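Chains Y and F are the protein sequences, given in the same order. The working numbering numbers the first residue of the first sequence as 126 and each following residue consecutively. The working numbering numbers the first residue of the second sequence as 3 and each following residue consecutively. Notes follow the structure.
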Amino acid sequence: MDTDYVDFIKEINKQGGPFQFVRNAREFPTCSQFGRKATNRSPKDIIESVLNSDKVMEAVRQYAAQNNVSVAEGQKQCRNIMEQMAHDFTLSNVRIFGYIITKVITTVFDEILVNAKQLRALRETFKDTPVIFIPTHRTYIDFLLLSVLCFDQEMTLPAIAAAMDFMNSKMIGEILRQCGAFFIRRAVGDDILYWAIFTEYVQTHIVEGDRPVEFFIEGTRSRTNKSLPPKYGLLQILLEPYLRGNIYDMVVVPVAMNYDKILEEQLYAYELLGFPKPKESTSGLLKARSILDKSFGRVQVTFGKPISIREHLGVSIKRATFVCQPDSQWKMSEVEKRHIRAFGHHIIKNHYEMSSVSVWSIACSSIILLTSDAKDNTVKCGDFLKLTHNLIDLLRSLEIQVHIRKTVAQDLERAFKLHSDFITIEGDAKDPNSIIRLTELKVDGKKTKISKDILSQAVSLIILTNHANSSMHVLSTPSIFSLALLSSSSIDKLKECYKWLRTVLYSEFVHDPLDVDNEFDRIVQSFTLAGLIESKEESVIVKDINYIEILSRLTKPYLLILSVMIDVLMDVSPLHITMSEATSLAQNRLIQLHDRDSSVLLSSLSADILKNAFTTLDQRGGLQKLARNYSIHPEQLNNFKKQLTTYVELPGRSSKI
Amino acid sequence: MANPIQQHNVPTSYRYEICGSTMSHIRPWLEKNLGGDVNWKVPGQNRADCKVPTALVNQPFIDALRAVGLSYSNAPDHRLVRAHGQTMHDMMMLRYGSFKRVPDLVVWPRSEHDVTRIVDLANAHDVVIIPIGGGTSVSHGVECPADEPRVICSLDMALMDKIVWIDRANLLCRAEAGIVGSVLEKALNDEGYTCGHEPDSIEFSTLGGWVSTRASGMKKNKYGNIEDLLVHVNFVTSRGLIQKQCQVPRISCGPDLHQVILGSEGTMGVITEVTIKIFPLPEVKRYGSLVFPDIDHGVSFFREVAAKRCQPASLRLVDNQQFVMGQSMKLDDQSIWEKFKSSLSKVYLTSWKGFKIDEMVAVTCVFEGAADEVDFQERTLYEIAGRHKGIVGGEANGRYGYRLTFAIAYLRDLAMDFGVLGESFETSVPWDKVLNLCRNVKNLIAKEGAKHGVQFGMLNSCRVTQVYDSGAAVYFYFGFNSRGLKDPMHVYEAIESAARDEIIACGGSISHHHGIGKLRKAWVDTTVGPIAISVMGAIKNELDPKNIFANNNIIDAPSSKL
Ligand SMILES: Cc1cc2nc3c(=O)[nH]c(=O)nc-3n(C[C@H](O)[C@H](O)[C@H](O)COP(=O)(O)OP(=O)(O)OC[C@H]3O[C@@H](n4cnc5c(N)ncnc54)[C@H](O)[C@@H]3O)c2cc1C
């Protein structure tokens, strides 16, 4: 496997360095699908075709009628929307900005490993079939890097569906635009003009094969290093041209981009603690100069096996289902939507499979476990090493391969060096009594109600958690299963518990809900093979309670947070609340708990986890969305809480707060 | 007995004469485009060498036929000829294989009365009847179900070929169902009339065949399809004769049973006599042609013509491959075609803006009517064409276009000598899906061909042959050279079936006019749904409780008979 990867940084040096790299002549294929002429449309042509399309014209007519304005007015609005959205790809500018980008990434990263052959092979594919890249999204380096790699492999650079927040800086926005990024609003609502333009814009790129399209199925950069639930709506828009027969096929390429260390790492941590999000302004990026002095380790980019949509959906979605609808009135039924969702999860699964489990991420999990064990939250090197090795062995017995680059010790040594900005070993790393300590990072106390002290501890703890999270895609299943094992022993009950927990924790650990039965069977099998459990007739006997407990503790805190959230909501009166009110109430409550019980970690202050908890309660009927806020349904919350207590002791052990 | 038998000789040599000039050019075209090679020929066996299974005998039935003086035969060659239609599969069986099941017996009724007697006897003796007209079915319509244990009797309509009367006052003609299209048309022409129904198979297909398959004629824009032309019909079933008491232009009397008889494909009874509309012969018949820069423009032109309802008697759009093929077959040697290409690009590049030799498509049309009417039609049409970048290509090209499509239908035998397998199939589709369907189906054929190892190029072409208010009919040709393929017939069938799936996925129908037969049964379920199937089954069961008309077309006959 590893032999398929080349180090892109070495490649660039071979080509004479970044400057020569961007200047070298390259030939990018164009897409001419069977029976269609290869279009050579300029960004302006594309804009005009969108504005004149039937879909947009129809939306304009509707809009004009609904809002009592003239069609001309509607068209004017369309042009505004379009101009805000559209990319302005020009190869000459790509070369200029490409130089800067290449310079930066070759400086900040030590290695950029890429399975470049797989990417190069797409040149042939693209010649007659539209290509869609679906990468994981952790940092804005993602799409810059992908474009640079395409440039290197002479694959036509994609048009990139980027989030609007990159537009906060006009200059950066324009640069990205010229590199092929187009910008989409996060919340579209029912703006019919916007929908029509956006849909048409994305689809025309695919149908005419102007360039590959790149889109992030998670919608936004994941701030926690865990996959976010796939965005079905956008996926549907992408697949529509195939389902409608506008194109014969399209090829989807999942891409996994794994970083040792993400550039925005600290930024995210602050953001998760509820600081006002620092805008991605130019000055911010210039300050990022300091970044250039740091090292961010290795990046591994894996281009997945291309998925032909025709082959993949061919068996599940019958295009013939849609043909009674005129092209202009196209709608999908629930059944088909379900298949689209399943496809979204299929992509996420591909991402998972291409993301290896690093020694460091396991190490971070052990640090977290040990931190919550220790009264004073200190972790000793000796305990840490022991637990880390134990976990690696445990995972191996479960047939989960931890990717060891050199040796565990060398990997760890390297990692501690790389992450010295938030974690250090005090003293000699070989001395078992040395203490591993999280750095207290600076916080601006004025901007928050929570005490500075608490926050500065929390920031690095959250960074640590995010590192641990990067292996949760494989650890969540055994962990949730272990939680279930602790509360039930009959196989039926076990399955029921497992499925319940899976759904309750869906927002945290994304998985395909339709696959959960298989998932259960597989995990039972692997636990049995590992000797952790034994099945006797209808019941399951735990053989190694120790490990089961350790595993369970990786996900248990999330249940605890759910139950804290419930408590908080039950205390509210009148029974109305907004999500951000609930989040800050819960944060306060968690800080109190932490004071009393050090096993409650401050990383639980993360707004992401709290919002997920809130959403879960909403989905479970404990809340109900109203126009401005949510109404609280105490009875449902109470029931839900009762179910939760099967798995998790109430916070603060016994005391009622 | 000699007469009716001759009529069923497979249409080959006769046709070659008609299109003699085209003939001499098909060979070079085959060589260039489909890997035809004089050194690699796969001549078929002599027809006489095709093995014919021995006939099953139902002596009481034969005795009964003889008793009432009905002519019949069980000679192997008579039976073989009536065992098949004109599909690629049929041709392959004739040339290289043999049929598992052929009729055991052929009868030739001379009147409706004869038909009634035969049907009664069949019911009495449990004999299967398969009606046959011209045997031009391209859907395995006349083929015998391989597992039929009963005696199968082919009921040949050839002797029921008389015109019963011509009604000048109401412009109607009544004829026996076995009359061959061209014979009917000739007779009407002699009286100053035309029936206007002109399927490409007109030389062989019969009036009864048209009704039973829901046929469509080239000039339907002016005269209508068979369902528009049909005014009255006699239908002999196992339960007796179905016939309306009146012969009126329209009737509101509950669901119309004519619609059940139309397209029944021999599964419910025998069409014996038909009254159809006739029309005075048009004063003028003129051909025309147009060239468009690409198929998109051609289709948008068609769309507008249909929306304005100004389509002439016939309007056809051939895609680039067919256009190029036609042009290269027409010219005396290939170099002239090359010259034509280069002159075209030189001379016309300025005036024919955007025309490219490998993208342009052609439209052919037939105008019929009074002189000034035709003039007007022509002007209107060309005006619309101008708006879609169409350029008038002249009458000779138009005439040639029709001759060519006519000829292609009969050239398959020759191509088969070179190992080329080919077939045509058709569909109907709403306007907004025409282009997608054409493109995707051709793409699929090309991809499937490559997947199955086809090496020597493919004929992969379509034409839009009919316009309707809400859509069009599309006709595909596909062909490939079987050289180097292990099981060409399998390849052929796999492609054909995948193509039909694709047609349906793209919004096309199971068939516009060829019908279902046995070839397309697999798609009936999804096309009409289970309830419609059970209704069809119930009607069939009611009319033919013993399943005498067991050719097994369209749907599987309901198994339980009370
Ligand atoms: C070269 C070629 C070109 C063609 N072009 C066209 C075209 O332009 N348009 C078009 O619509 N079709 C076309 N066809 C298809 C075919 O010619 C039609 O389906 C035609 O209507 C069949 O008539 P037939 O007399 O040959 O019927 P047959 O092939 O003999 O029979 C067809 C079906 O009808 C049944 N049947 C026949 N006669 C009777 C009867 N009297 N009573 C009850 N059942 C009966 C048979 O059992 C069988 O199931 C073409 C075929 C070929 C080979």
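Ideal Cβ placement from N, Cα and C applies to all residues, glycine included. These numbers come from a predicted model, not from an experiment.
Against chain F, a Cβ distance below 8 Å from P451(Y) picks out P432 and D434. Listed in chain order, the beta strand (DSSP E) runs fully inside the stretch 213-269 of chain F are 232-239 and 242-244, counting runs of at least 3 residues. For G747(Y), same chain residues with a beta-carbon under 8 Å away, outside a window of 5 residues either side, are I691, L694, I757, H758, Q761, L762 and F765 in chain order. Relative to E325(Y), the option among I362(Y), E389(Y), S595(Y) and R369(Y) whose CA is nearest is I362(Y). For I506(F), the chain Y residues whose C-beta falls within less than 8 Å of its own C-beta are A445 and V448, listed in chain order. Straight through space, the alpha carbons of L687(Y) and A738(Y) are spaced by roughly 5 Å.
DSSP, read as helix, strand or coil, puts V59(F) in coil. With a cut-off of 8 Å on Cβ pairs, the stretch 412-432 of chain F is not in contact with the stretch 297-315 of chain F, counting fewer than three such pairs. For N35(F), the nearest beta carbon of chain Y is not closer than 8 Å to its own beta carbon. Relative to the non-hydrogen atoms of ligand 1, the Cβ of V250(F) never comes closer than 7 Å to any of them.
For R288(F), the uninterrupted beta strand (DSSP E) segment begins and ends at V286 to F294. Of the heavy atoms belonging to ligand 1, at least one sits nearer than 7 Å to the Cβ of T138(F). The beta-carbon separation of H212(Y) and F307(Y), rounded to 4 Å, stays under the 8 Å limit for a contact. Of all residues in the stretch 359-374 of chain Y, those with a C-beta nearer than 7 Å to a C-beta of chain F are G370, N371 and Y373, reading in chain order.
Using a CB distance cut-off of 8 Å, G344(Y) does not count as an interface residue toward chain F. Taking C52(F) as reference, the option from P62(F), G242(F), P45(F) and D79(F) with the minimal CA-CA separation is D79(F). Counted as a single uninterrupted DSSP element, the alpha helix (DSSP H) harbouring P759(Y) occupies residues P759 to T770. For D290(Y), no alpha helix (DSSP H) run applies, since DSSP gives it neither H nor E. Annotated three-state conformation of N371(Y) is coil, per DSSP. Here the alpha carbon of V233(F) sits roughly 12 Å from the alpha carbon of L259(F).
For M93(F), the Cβ stays outside the 7 Å cut-off from all heavy atoms of ligand 1.
A direct Cα-to-Cα measurement between A448(F) and C367(F) gives close to 29 Å. Taking 9 Å as the Cβ-Cβ cut-off, the stretch 734-764 of chain Y has no residue approaching chain F.
Annotated as distal: G370(Y) and N191(F), with beta-carbon spacing of 8 Å or more. The contact set of N445(F) on chain Y, defined by CB atoms closer than 7 Å, consists of F159, G160 and Y373 in chain order. In this structure, DSSP gives D696(Y) a state outside helix and strand, which the three-state scheme calls coil. Exposure of C255(F) is indicated by the presence of fewer than 16 other C-beta atoms within 10 angstroms of its C-beta. A distance below 6 Å between beta-carbons, with the five flanking residues on each side excluded, links F652(Y) to the following residues of its chain, in chain order: I658. The three-state secondary structure of W455(Y), taken from DSSP, is coil. Between N555(F) and K520(F), the beta carbon gap of about 6 Å places them in contact (Cβ cut-off 8 Å). Within 10 angstroms of the beta-carbon of S536(F) lie fewer than 16 other beta-carbons, which makes it exposed. One finds F159 in chain Y with Cβ atoms closer than 8 Å to the Cβ of A448(F), taken in chain order.
Only those residues of the stretch 526-556 of chain F whose C-beta falls short of 8 Å from the nearest C-beta of chain Y are listed: T528.
Counting C-beta atoms within 10 angstroms of its own C-beta, E504(F) has 16 or more neighbours from the protein chains shown and is therefore classed as buried. Listed by position along chain Y, the residues whose Cβ is nearer than 8 Å to that of N438(F) are R369, G370 and N371. Exclusion of the five residues before and after T345(Y) leaves A288 as the residues of its chain whose Cβ lies within less than 6 Å of its Cβ.
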